[in-house]
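For reference, the structure discussed in these notes is given below.
Residue numbers (the numbering used here): 3 to 39.
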């Protein structure tokens with residue numbers, strides 16, 4: 003198995019461990035999509 007390191011800004015790497023985390027990420031994505039229109 004090949005493994006590589008990929009550094010990502012903290013604001014783009016969110017742990018999704020619970021349903022609430024998932025809802026939060028959906029909200030953040032919808033905000034980001036709304037601001038780019």
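The beta-carbon is built from N, C-alpha and C at its ideal position, and this holds for glycine as well.
Bear in mind the structure is a predicted one, so any value in this text is a computation, not a measurement.
Reduced DSSP category for residue i - H, G, I as helix; E, B as strand; rest coil
i: residue 23; result: helix
i: residue 15; result: coil
i: residue 9; result: coil
Residue j beta carbon less than 8 Å from that of residue i
i: residue 27; j: residue 16; result: yes
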